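First to last, the protein sequences are chains S and A.
Per my numbering, residue 22 is the first one in the first sequence, and the count goes up by one each step.
Per my numbering, residue 16 is the first one in the second sequence, and the count goes up by one each step.
All residues carry an ideal CB built from backbone N, CA and C; glycine is no exception.
Here the structure is a predicted model, which means the values were calculated and not measured.
Each remark here refers to the structure printed beneath this line.
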Amino acid sequence: MPDAEASIDLTPVDAPPLKRRARRRTIGVLVVLVLAVLALLSQGLLHSLNYFETIDQAMSARAKLGTTTIRLEGVVKPHTIARTSGGASFWMTGGKGEEVFVSAHGSPPQLFQANIPVVVVGHFTSSTSDRFYGTQILVKHTASYIAAHPKRVRAPNGTTR
Amino acid sequence: MKLLSQRLLGPVTLALLGLTFWLGLWVTPPDKAQGNLARLVYVHPAVAWVALYVSFGTATIASALYLWQRTRSMVMDRVAHCAMEVSVVFILLTLITGSIWGRPTWGVWWAWDARLTSTAILGVFALAYLALRRANDDPDLRARRAAVFAILAAINVPIIHFSVQWWKTLHQGATVFTSNRQLLIHGLMAWTLLISFLAFTLLFFWLLRARYRLEVLRSERYDVFVAEALAQRRREGVR
Numbered sequence: 022m023p024d025a026e027a028s029i030d031l032t033p034v035d036a037p038p039l040k041r042r043a044r045r046r047t048i049g050v051l052v053v054l055v056l057a058v059l060a061l062l063s064q065g066l067l068h069s070l071n072y073f074e075t076i077d078q079a080m081s082a083r084a085k086l087g088t089t090t091i092r093l094e095g096v097v098k099p100h101t102i103a104r105t106s107g108g109a110s111f112w113m114t115g116g117k118g119e120e121v122f123v124s125a126h127g128s129p130p131q132l133f134q135a136n137i138p139v140v141v142v143g144h145f146t147s148s149t150s151d152r153f154y155g156t157q158i159l160v161k162h163t164a165s166y167i168a169a170h171p172k173r174v175r176a177p178n179g180t181t182r
Numbered sequence: 016m017k018l019l020s021q022r023l024l025g026p027v028t029l030a031l032l033g034l035t036f037w038l039g040l041w042v043t044p045p046d047k048a049q050g051n052l053a054r055l056v057y058v059h060p061a062v063a064w065v066a067l068y069v070s071f072g073t074a075t076i077a078s079a080l081y082l083w084q085r086t087r088s089m090v091m092d093r094v095a096h097c098a099m100e101v102s103v104v105f106i107l108l109t110l111i112t113g114s115i116w117g118r119p120t121w122g123v124w125w126a127w128d129a130r131l132t133s134t135a136i137l138g139v140f141a142l143a144y145l146a147l148r149r150a151n152d153d154p155d156l157r158a159r160r161a162a163v164f165a166i167l168a169a170i171n172v173p174i175i176h177f178s179v180q181w182w183k184t185l186h187q188g189a190t191v192f193t194s195n196r197q198l199l200i201h202g203l204m205a206w207t208l209l210i211s212f213l214a215f216t217l218l219f220f221w222l223l224r225a226r227y228r229l230e231v232l233r234s235e236r237y238d239v240f241v242a243e244a245l246a247q248r249r250r251e252g253v254r
């Protein structure tokens with residue numbers, strides 16, 4: 022029996038062609054994934070690492086910006102929202118009190134309201150103007166969550182929430 | 016005999032998930048600004064927590080332990096592999112739930128801001144890890160390469176975490192782990208959020224355990240297959 026076993030060739034053989042093909046396919050998938058990462062980096066991080074300009078930044082660089090399309094961030098000033106047939110117009114306030122009049126096209130998001138931070142995609146109407154023409158309004162909500170109507174609902178056991 | 020903790024893991028996970036959904040959908044009040052949309056806070060942050068820190072973290076730690084000579088074993092490699100597979104699922108869920116939340120709140124399904132893009136990149140890294148494992152037949156070489164890759168990919172996790180502080184993003188700042196450790200969520204909403212974190216963390220460990228057991232069975236089946244093939248060749252040689 023040991024002699025018979027010794028005569029058996031158990032040396033490793035090359036992987037069959039199918040396995041090599043499968044490996045090539047996997048390497049192809051890896052290359053595609055590397056390209057996907059590069060595309061994501063170029064699209065997302067390198068072009069818009071900072072997603073928007075604040076009003077103060079934009080106002081100080083207004084001459085340089087001209088009518089270039091930017092994303093402008095500010096807080097919607099209360100009592101200034103006017104719904105128009107094509108969208109909405111309102112005043113937006115920056116951190117240092119600078120104000121910009123926004124005339125935006127397209128329907129605003131569900132959460133759009135006074136005192137909420139928004140990012141408007143668009144451009145100033147001229148390099149000296151404080152009027153901003155927007156093509157899209159994005160709402161930038163905060164990380165604070167406060168109960169609506171706290172303690173107004175009374176449960177049968179007497180507790181309120 | 017199974018440990019009691021192992022036996023309880025599944026039922027406790029399901030119970031906590033049920034509690035999260037009950038509290039989140041029926042008991043907690045709507046948010047002042049977001050209304051009922053805020054109920055997604057009981058799903059999305061917890062899923063993201065598992066995707067980024069728990070599952071990717073488990074994969075990274077297991078990879079590091081594999082690379083360290085003293086703790087090197089195929090168990091660590093298997094844990095890293097299984098955790099990364101679960102991580103892919105949770106990263107995908109993070110992107111999907113974030114998108115569902117983003118559409119009514121921001122007004123868009125997707126924005127190329129630093130938080131979203133770096134999370135998507137982490138998803139591609141996790142897929143690349145799994146593809147890398149399939150590109151090599153040698154178990155040791157495969158485990159070593161995958162471990163190094165997992166550790167390199169994990170560099171992206173702190174980038175994702177701090178992206179909302181380092182850069183100006185459309186995504187909100189940290190919900191729970193704010194820079195000043197101040198929870199910005201009120202009362203029952205905060206408790207429900209914390210329960211959701213616990214529920215989804217346990218769900219990860221439940222899934223990881225199931226996937227690990229499957230991997231052990233697969234490995235044992237492969238060993239049996241090799242032994243049977245060798246025995247057959249021996250029999251052919253005898254004839």
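With DSSP collapsed to three states, give me the class of residue i.
i	result
residue 157 (chain S)	strand
residue 182 (chain S)	Low confidence applies to residue 182 (chain S): its pLDDT is 47, below 50, so where it sits in the model is not reliable, and the reading given next is rough at best. Looking at residue 182 (chain S) - three-state DSSP - the assignment turns out to be coil, as it is neither helix nor strand.
residue 200 (chain A)	strand
residue 18 (chain A)	coil
residue 174 (chain A)	helix
residue 151 (chain A)	coil
residue 156 (chain A)	helix
residue 169 (chain A)	coil
residue 28 (chain A)	helix
residue 188 (chain A)	coil
residue 69 (chain A)	helix
residue 162 (chain S)	coil
residue 41 (chain A)	helix
Under 8 angstroms between C-beta atoms, does residue i make it to chain A?
i	result
residue 104 (chain S)	no
residue 91 (chain S)	no
residue 163 (chain S)	yes
residue 168 (chain S)	yes
residue 153 (chain S)	no
residue 76 (chain S)	no
residue 73 (chain S)	yes
residue 41 (chain S)	no
residue 86 (chain S)	no
residue 99 (chain S)	no
residue 47 (chain S)	yes
residue 140 (chain S)	yes
residue 125 (chain S)	no
residue 96 (chain S)	no
Quickly, what does DSSP pair residue i with across the bridge? List them, please.
i	result
residue 168 (chain S)	A:46
State yes or no: is the beta carbon of residue i nearer than 8 angstroms to at least one beta carbon in chain S?
i	result
residue 173 (chain A)	no
residue 113 (chain A)	no
residue 204 (chain A)	yes
residue 136 (chain A)	yes
residue 244 (chain A)	no
residue 216 (chain A)	no
Looking only at its chain, what residues have a beta carbon closer than 7 angstroms to the beta carbon of residue i, apart from the 5 residues adjacent to it on each side?
i	result
residue 124 (chain A)	114, 117 and 118
For residue i, collect the residues of the same chain with a Cβ closer than 6 angstroms to its Cβ; drop the 5 residues on either side in sequence, then sort them by chain order.
i	result
residue 138 (chain S)	96 and 161
residue 112 (chain S)	98, 101, 120 and 122
residue 169 (chain A)	75
residue 201 (chain A)	none
Using a Cβ-Cβ cutoff of less than 8 angstroms, which residues in the same chain neighbour residue i once the five nearest sequence positions on both sides are dropped?
i	result
residue 261 (chain A)	Nothing about residue 261 (chain A) can be reported from this structure: the residues present for chain A run from 16 to 254 only.
residue 22 (chain S)	For residue 22 (chain S), the predicted model reports a pLDDT of 48, less than 50, meaning its position is unreliable; a value from the coordinates is still stated below. Around residue 22 (chain S): no qualifying Cβ.
residue 34 (chain A)	210 and 214
residue 86 (chain A)	80
residue 55 (chain A)	112, 115 and 116
Complete runs of the alpha helix (DSSP H) confined to the segment 68-155 of chain S [at least 4 residues]: For the segment 68-155 of chain S, whole alpha helix (DSSP H) runs of length 4 or above, ordered along the chain, are 76-81 and 83-86.
Secondary structure, beta strand (DSSP E): runs of 3+ residues fully inside the segment 80-143 of chain A: none
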